[in-house]
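Protein chains in written order, with this note's numbering: chain W, 41 to 369; chain G, 383 to 850. We put the beta carbon where it would ideally sit given N, CA and C, even for glycine.
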Amino acid sequence: MSKSASIVTFIGSKESSMGKTLLSHLQALLLPVIGLLLFLAVWNGVAKTIDTSLGQFPGPAQVWEQTLTLVSEHSAQREKADAFYARQEERNAARVAQDPTYEPKIREFTGAPTFFDQIWTSLYTVMIGFLIASLIAVPVGIVCGLSKSAYTAINPLIQLFKPVSPLAWLPLVTMVVSALYVSDDPMFSKSFVTSAFTVSLCCLWPTLINTAVGVSNIDKDLVNVSRVLRLKPLTHLSKIILPASIPMIFTGLRLSLGIGWMVLIAAEMLAQNPGLGKFVWDEFQNGSSDSLARIMVAVLTIGAIGFVLDRVMLMLQRMVSWDKNSVLR
Amino acid sequence: MNQYEKFDGVKKKLKGIVSALALAVSVSGVMSAGVQAAEEIDWPEKEELKFGFIKLTDMAPLAIAYEKGFFEDEGLYVTLEAQANWKVLLDRVIDGQLDGAHMLAGQPLGATIGFGTEAHIITAFSMDLNGNGITVSNDIWKEMEKHIPVEDGQPVHPIKADYLKPVVDSYREAGKPFNMGMVFPVSTHNYELRYWLAAGGIHPGYYAPHKGDTSGQIDAEALLSVTPPPQMPATMEAGTIYGYCVGEPWNQQAVFKGIGVPVITDYEIWKNNPEKVFGVSNVWAEKYPNTHLRVVKAMIRAAMWLDENNNANRPEAVKILSKPSYVGADEAVLANSMTGTFEYEKGDKRDVPDFNVFFRYNATYPYYSDAIWYLTQMRRWGQISESKPDSWYMDMAKKVYRPDIYAVAAKALIAEGKAKAADFPDFDSESGFKPPQSEFIDGVTYDGTKPNAYLESFGIGLKGDTVL
């Protein structure tokens, strides 16, 4: 009797705990959706009340419309590119017919980059800038973390340059790049180099500081283990220091990437690198009645990409982290 | 920089083409006759070119030459890139990042004489005539209206700066500086705004570069400063300036947004004045003479298309220019000034068929007298700090404006049958100097062969041996 009662109670409690998990899953899905819908409603309402000299502030409907327009502009431009290559082949063929010494070249399409081309340009510019920054910041951070005297020497410089805005660095970087990066057939355009370097200058500080803190706060027991085993310096670095400070290094890298992405948009506006920053700037200069909606599309895209980049870094961190049980957010 | 991943796919295509070429060679021997450009001009030395422009309606010849394939017909693969402002554009032409650019008619001159960044820039093609306007804010217009004569309920045009003078005086008495905007120190807009103000008795200020003062505000009653064209409506809305002189679509934009009123077009200040030119550095032109000739040929064709059949193609041009990569403004705003009308006060739209002239009246020929007019205005306002003999003006004009290159390009087009000899001036007898022009707002006559005498005829402005 008690056994069947306990089975019933068991099933009953299992159901309620299943119900609880179901409820929590539902919450995890529904709450963000409800939040998003509320936001869209508020945005739509507020937008209708703001009248700028460029027309009404764009609401979700106009932004969606412009997203579709940007996609169709992209396909139209791709068609133009195909037609361009077809014409080029004809022209080259005709010219070689008259002048057999001519070596035909296929040139890239000369039309303006589309929105999606600009997204790609921004992405690889930020990646290069971020990589350069990390290559400098991680080793320097490790040195600072290991040696107190190095840290004391370098710290004033870090604190001095950390708060400098990218817009203040930009004229200096532009001048230096113009003076030093001279060649007849450059592999990278000056605007790309300028934007990438400005991103590096601004986003190396979080990585540097976090690496230094991470390295200096390694568990003393681990350091003692290395001493006992008389590990060589490089082995000490690769087996003890790096794995132990991965969480802090990655925190730094994630912060840096976030900052780098923000800085890139500003740098592109002024350096005229053909990415999302330039898209926003050009739309503003155009002053057409669609401009504000298109800028909103760019703003949302920038936000979405920043979010994705952060998640990618988080995934990398989970892969590299040795402590699989630690909670990573 | 265009990031097309198609490049790999294209490489495969090229391999396919090479085999197709073998076939094509045997077939196209017959069709080659019409394809080679001109017997006279050889193939271009440099085929991939990058040209800069500023977002103004008169960059149209560049856009049309690209979109209609005129550049491609000459074997040129051109990328057009909008620039942030006139200074960046000029610097990038000088340091070679741009092969050439849409420039203000005064920029090649200013650069060659050394006002601003110094470099020898030349031009062989004038891009258009007219196309600018002076707009004032709504408040200033309300004040001006009290003085402007009215006929049939509409203000009498042209509106002279005489009606602005009482407003400027009242602002100065109240201690408020009267700020106005123009686009660049050696811009046509600067000289036209100053001309209009001075004709109304308002002193626009002097430059004194020999003393290091390049603000242009010495002794000024109206203070003129530089703002890039697309930012002008916003700057006026913010109240930083009370008026500006700029090209289109920025005057009509002010009307559409309800933030200002255009009071006069430069057509009324100086009928059929030269406005923009296509400038290249002299170093580039000497290194790539065939390329330069072919560029000029393509642009002449574009200019002809724009004015063809009494401006019949302008609506199509407006559609092209409204693309975000060119000018980007709404079609309605662009059409307001490019299709034969111009809107002054909201609702006061008047017929101005020659607001933009791209080819008529020999608009594309680079006249020496046009260059000299700009040089005289540079001297009038002190950008050229000391007096120069007439011969200096002639020499500078000949150094910068190159009608000889234009003539070769035009003759090639005539030989190909793409243009008629009647479309151009008679190259054998053309001296490069227009006959004396008197259709200025103040009635002063301009004779390009006598620059110093011209300078003497102004009420406000440096003349003779005066050095500030």
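Simplified DSSP state of residue i, which is helix, strand or coil
| i | result |
| --- | --- |
| K60(W) | helix |
| M526(G) | helix |
| K202(W) | coil |
| K432(G) | strand |
| A694(G) | coil |
| I484(G) | The question names Ile, but residue 484(G) is His in the sequence shown. Correct three-state label for H484(G): strand. |
| M564(G) | strand |
| D259(W) | coil |
| A590(G) | strand |
| V739(G) | strand |
| T89(W) | helix |
| V464(G) | A small correction: the amino acid at residue 464(G) is Ala; Val does not occupy that position in the sequence shown. If DSSP states are grouped into helix, strand and coil, A464(G) belongs with the strands. |
| Y573(G) | helix |
| Q325(W) | helix |
| Q765(G) | coil |
| Q479(G) | coil |
| Y836(G) | helix |
| G451(G) | coil |
| Y459(G) | strand |
| W362(W) | coil |
| M686(G) | helix |
| A152(W) | coil |
| E427(G) | coil |
| I842(G) | coil |
| V709(G) | coil |
| S240(W) | helix |
| V222(W) | coil |
| E500(G) | coil |
| L349(W) | helix |
Identity of the residue in the options nearest residue i by Cα
| i | options | result |
| --- | --- | --- |
| V565(G) | G451(G), G583(G), E657(G), D595(G) | E657(G) |
| K230(W) | H674(G), G478(G), G722(G) | G478(G) |
| S820(G) | Y670(G), N654(G), W763(G) | N654(G) |
| S235(W) | I74(W), A173(W), F97(W) | A173(W) |
| E430(G) | L110(W), G151(W), R118(W) | G151(W) |
| F347(W) | A333(W), L297(W), S162(W), G95(W) | L297(W) |
| V790(G) | D689(G), D810(G), K528(G) | D810(G) |
| G843(G) | S769(G), G814(G), D777(G) | S769(G) |
| A753(G) | A506(G), T622(G), A602(G) | A506(G) |
| D551(G) | I436(G), P817(G), I584(G) | I584(G) |
| D777(G) | Y788(G), L757(G), R761(G), L795(G) | L757(G) |
| P833(G) | D440(G), Q634(G), P771(G) | P771(G) |
| V549(G) | G535(G), V532(G), N520(G), E533(G) | N520(G) |
| N257(W) | G169(W), G185(W), Q325(W), L332(W) | G185(W) |
| A803(G) | A667(G), M686(G), L575(G), W578(G) | M686(G) |
| A464(G) | G434(G), T439(G), T499(G) | G434(G) |
| V538(G) | Y726(G), V739(G), D824(G) | Y726(G) |
Bridge partners - residue i, DSSP secondary structure assignment
| i | result |
| --- | --- |
| T673(G) | DSSP lists no partner for T673(G). |
| D733(G) | T723(G) |
| G10(W) | Limits of chain W in this structure are 41 at one end and 369 at the other, which puts residue 10(W) out of reach. |
Residue i: contacting residues in chain A (beta-carbon distance under 8 Å)
| i | result |
| --- | --- |
| I541(G) | In the structure shown, chain A cannot be found, because the protein chains are W and G. |
Meets three-Cβ-pair contact criterion under 8 Å: the region 734 to 753 of chain G and the region 558 to 578 of chain G: no
Complete alpha helix (DSSP H) runs within the region 280 to 321 of chain W (minimum length 4 residues, chain order): 282 to 311
Any 3 or more C-beta pairs closer than 8 Å across the region 616 to 636 of chain G and the region 510 to 519 of chain G: yes
Contiguous beta strand (DSSP E) assignments of at least 3 residues, all confined to the region 593 to 666 of chain G: 595 to 600, 605 to 608, 625 to 629, 642 to 647, 656 to 663
3-residue-minimum beta strand (DSSP E) runs that sit fully inside the region 504 to 559 of chain G, ordered along the chain: 514 to 519
Contact between the region 357 to 365 of chain W and the region 283 to 290 of chain W (3+ Cβ pairs under 8 Å): yes
The region 488 to 497 of chain G / the region 754 to 772 of chain G touching (three or more Cβ pairs under 8 Å): yes
At least three beta-carbon pairs within less than 8 Å, the region 644 to 652 of chain G to the region 529 to 546 of chain G: yes
Within the region 777 to 829 of chain G, ranges of the alpha helix (DSSP H) (whole runs, at least 4 residues): 785 to 798
contact_flag[the region 779 to 797 of chain G, the region 748 to 755 of chain G] where n(CB pairs < 8 Å) is 3 or more: yes
At least three beta-carbon pairs within less than 8 Å, the region 237 to 247 of chain W to the region 303 to 311 of chain W: yes
The region 334 to 354 of chain W touching the region 99 to 108 of chain W, judged by at least three CB pairs closer than 8 Å: yes
At least three beta-carbon pairs within less than 8 Å, the region 683 to 701 of chain G to the region 716 to 733 of chain G: yes
Meets three-Cβ-pair contact criterion under 8 Å: the region 675 to 690 of chain G and the region 527 to 538 of chain G: no
The region 216 to 228 of chain W in contact with the region 141 to 158 of chain W per 3-pair CB rule at 8 Å: no
Validate contact between the region 191 to 203 of chain W and the region 242 to 254 of chain W using beta carbons, cut 8 Å, 3 pairs: yes
Three or more C-beta pairs below 8 Å linking the region 260 to 280 of chain W and the region 131 to 145 of chain W: no
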